[in-house]
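Residue numbers (our numbering), protein chains in the order written: chain S, 1 to 115; chain F, 1 to 113.
Here is the structure:
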């Protein structure tokens, strides 16, 4: 089992550019979560999916952020246009279905720097 | 609404000493509770979890935590710290039936030789 795979590991982009972060969850996990980690705000849940359907996107900060899950093995988080305050580490995590007693498995994260 | 408070953003102990990281939660129903560890430049790794049953939970790397409902606490302990325990530790809570985890702000653990 390769775990949750995120790409790229690091991304540096200029303000105003579009950024796309990618995630491959663990096979068989029905839930996928996107988190953002910053020093000031800690870990924030942005959005989560169940069986590829977005369930709760109340944490998405602005319309500049969008997330999709076209199939069970792939999800993207897009920021367009990007701003310096979007600089953070973005984590993807997945979890099996059923009673929520398993916790999440996290990817290694994407460190985004917007200059 | 659920919330988690980790007392102390930074804890420093000597190698071989007891590690105690504090976590208090707020939840309207008995929750599921978790501790995660994050090593530098890595994702979060599950240390241990409490769901039902025994209130003293053992995890990886010699860590354990005890669920105390009366104190709404889930403190993490390890009898003897090792240099490799230096990392950031996160407590998290989820209400039963809910899929979202709410994380505390984290505690950075430093081990002094």
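Each residue gets a CB set at the ideal place from its N, CA and C atoms; glycine is no exception.
Pairwise C-alpha distance: residue j and residue i
i	j	result
residue 66 of chain F	residue 78 of chain F	12 Å
residue 97 of chain S	residue 59 of chain F	22 Å
residue 37 of chain F	residue 92 of chain F	11 Å
residue 87 of chain F	residue 6 of chain F	15 Å
residue 99 of chain S	residue 77 of chain S	Because the pLDDT of residue 99 of chain S is 47, which lies under 50, any placement of that residue in the model is unreliable, and the number read from its coordinates should be weighed accordingly. Taking the straight line joining both Cα atoms gives about 27 Å.
residue 48 of chain S	residue 79 of chain S	16 Å
residue 14 of chain S	residue 20 of chain S	13 Å
residue 113 of chain F	residue 17 of chain F	10 Å
residue 94 of chain F	residue 29 of chain F	10 Å
residue 32 of chain F	residue 89 of chain F	17 Å
Neighbourhood of residue i by C-beta distance below 8 Å, restricted to the same chain and skipping five residues each side
i	result
residue 3 of chain S	26, 105 and 107
residue 73 of chain S	24, 25 and 27
residue 85 of chain F	19, 61, 78, 109 and 111
residue 43 of chain S	35, 36, 37 and 91
Contact set for residue i: own chain, Cβ-Cβ below 7 Å, skip 5 residues either direction
i	result
residue 63 of chain S	none
residue 109 of chain S	6, 89, 90 and 91
residue 30 of chain S	50, 51, 96 and 97
Terminal residues of the beta strand (DSSP E) in which residue i lies
i	result
residue 54 of chain S	53-56
residue 68 of chain S	65-71
residue 79 of chain S	74-79
residue 6 of chain F	3-7
residue 163 of chain S	This structure leaves residue 163 of chain S out entirely; chain S is present only between 1 and 115.
residue 24 of chain F	19-26
residue 38 of chain S	31-38
residue 72 of chain F	Element bounds for residue 72 of chain F: n/a, residue is neither H nor E.
residue 95 of chain S	88-95
residue 119 of chain F	Absent from the model: residue 119 of chain F. The displayed extent of chain F is 1 to 113, so no value can be given.
residue 105 of chain F	Residue 105 of chain F -> no beta strand (DSSP E), and no H or E assigned at all.
Sequence-distant residues of its chain with Cβ nearer than 6 Å to residue i (five each side left out)
i	result
residue 73 of chain F	24
residue 111 of chain S	10 and 89
What residues from the segment 75-96 of chain F come within 9 Å of chain S, judged by C-beta to C-beta, listed N to C?
90, 92, 94, 95 and 96
Margin query: Would you call the segment 48-65 of chain S in contact with the segment 10-24 of chain F, where contact means no fewer than 3 C-beta pairs closer than 8 Å?
Written below: no
Residues in the segment 52-70 of chain S with C-beta within 8 Å of chain F's C-beta atoms, listed in sequence order? 55 and 56
Check your understanding: What residues from the segment 97-109 of chain F come within 9 Å of chain S, judged by C-beta to C-beta, listed N to C?
Key -> 97, 98, 99, 100, 101, 102, 103, 104, 105 and 106
Three or more C-beta pairs below 8 Å linking the segment 34-47 of chain S and the segment 12-27 of chain F = no
The segment 36-52 of chain S: which residues have C-beta closer than 8 Å to a C-beta of chain F, in chain order?
-> 42, 43, 45, 48 and 50
Practice prompt. Select from the segment 17-40 of chain F all residues with a C-beta closer than 9 Å to any C-beta belonging to chain S, and list them in chain order.
Written response: 32, 34, 36 and 38
Taking a cut of 9 Å between CB atoms, which residues from the segment 49-71 of chain F lie near chain S? 49, 51 and 52
Practice problem: Closer than 9 Å, Cβ to Cβ, to anything on chain F: give me those residues from the segment 16-33 of chain S, in chain order. | Solution: 31 and 33
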